[in-house]
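Position one of the sequence shown corresponds to residue 1427 (the numbering used here), numbered consecutively onward. Take a look at the structure set out below.
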Amino acid sequence: MDRIAMDPTLKNKTISNIKLMLPEMSPRLKTVAKYIVDHTSDFGLDPIRETARKCGVSTYTLVRMAKTLGFDGYEDLREPFRQALVSSTASVERPEWIDNLRAGGELGEVKAAAAVNTLALVQRSLERQTPEQMERVALMLLNARTIYLTAVRASYGMAYYFHYVGRMALPSLQLIPRHMNSAIDELNYAGEGDVMIALTFTPYSRETIEACKFARKRGVKLILISDSDVISSEFTPEETLIASVISTHHFGCYTGVVAIIENLLALLVHLGGAKATERIKSYEDLRKDNNAYWIANKKH
């Protein structure tokens, strides 16, 4: 155990090893692997029986995972995750207005819990993206021939917003699928030199996964925005931007996702330089002219 305590990089090394070995694991070990990668804090905190309950597997399976990853036992596997919590546990300062909400009865409690969760999601999501990774993603997009952006269901709204603003810095940005097509139909002419951004969150869209697989086969670089980087063992993205989507209700809370998108947009506009600024000004001028036209015609 002392050897583990002295190696502050062991948690990240273990996660990398899990991802590398994932395709060869049995279904039950894959379930455990995904849980560890997606819930590193819980894995570091919970005892073996609680982790087994959350994963829906036996404690024996957890021990087998530890052995598979080269650890002597389960506690040796858990220890680097537990130690990482000492220095990296996210904390959100609770402002006074949160306490005021709690004083407002049952609905106030609901609003306060949702507000605290929203603030926490933004913090956790942003702190997971390093400046180096965000710069790599931005430059990959700026240097791409064509950029495809795909999402379905609830994720589509965020993709639409990203496309609406992002095309100012990325004129070749295309939101797919368009009309009644499938995303794969829109990727018919995609190839090397192109990049695809895919947004998907649990439960992951089969259509989006198939589009990612198809794009990778065509040589398209893939950027994933998701709540996990263990989406499928059938493809590997160049970059994955991880957002926390835990909510206080029955559906995902996407404020962390929007925060990541906003950060990426800010980088793209900044790195886009004068050309991006000119496109933004041109769009703003167009809106002013359009508004002036409607006001003038309304008077008549």
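Ideal Cβ placement from N, Cα and C applies to all residues, glycine included. Here the structure is a predicted model, which means the values were calculated and not measured.
- Going by C-alpha positions, E1532 is about 10 Å away from A1538.
- V1489 and E1450 have their C-alpha atoms spaced approximately 17 Å apart.
- Here DSSP, grouped into helix, strand and coil, assigns T1485 to helix.
- Counting of Cβ neighbours within 10 angstroms places N1543 among the buried residues, the total reaching 16 or more.
- Along the length of the stretch 1618 to 1662, whole beta strand (DSSP E) runs at least 3 residues long occupy 1621 to 1626 and 1647 to 1652, reported in chain order.
- In the three-state DSSP reduction, Q1600 falls in the strand class (E or B).
- Our two residues, R1632 and T1662, have alpha carbons roughly 16 Å apart in a direct line.
- Boundaries of the beta strand (DSSP E) harbouring T1666: E1665 to I1668, taken from the DSSP string.
- For L1575, the uninterrupted beta strand (DSSP E) run begins and ends at I1573 to T1576, by DSSP.
- If the five residues before and after F1497 are omitted, its C-beta is found closer than 8 Å to the C-beta atoms of L1503, all from its own chain and listed in chain order.
- A distance of 8 Å or more separates the beta carbons of L1690 and A1540.
- For G1531, the enclosing alpha helix (DSSP H) begins and ends at G1531 to E1553.
- Here DSSP, grouped into helix, strand and coil, assigns P1449 to helix.
- Sequence-distant Cβ neighbours of A1616 in its own chain, meaning closer than 8 Å and more than five residues away, are T1572, Y1574, M1622, A1641, R1644 and V1646.
- For L1455, same chain residues with a beta-carbon under 6 Å away, outside a window of 5 residues either side, are M1491 in chain order.
- Counted as a single uninterrupted DSSP element, the stretch harbouring M1606 is not any alpha helix (DSSP H), since DSSP gives it neither H nor E.
- Rounded to the nearest whole angstrom, the C-alpha separation of L1552 and E1704 is 29 Å.
- In this structure the stretch 1592 to 1601 does not lie against the stretch 1650 to 1658, because fewer than three pairs of beta carbons, one per stretch, are closer than 8 Å.
- Under the criterion of beta carbons closer than 8 Å, S1658 and I1635 qualify as touching, at roughly 5 Å.
- Spatial neighbours of L1567 in its own chain (CB-CB distance under 7 Å, excluding positions within 5 residues in sequence) are listed in chain order as I1573, L1596, V1621 and L1694.
- If you check the CB distance, L1697 and Q1555 do not come in under 8 Å.
- In the three-state reduction of the DSSP assignment, M1594 falls in the coil class.
- The straight-line gap separating the alpha-carbon atoms of K1493 and T1487 is approximately 10 Å.
- The stretch 1670 to 1686 and the stretch 1576 to 1590 touch, with no fewer than 3 CB-CB distances between them shorter than 8 Å.
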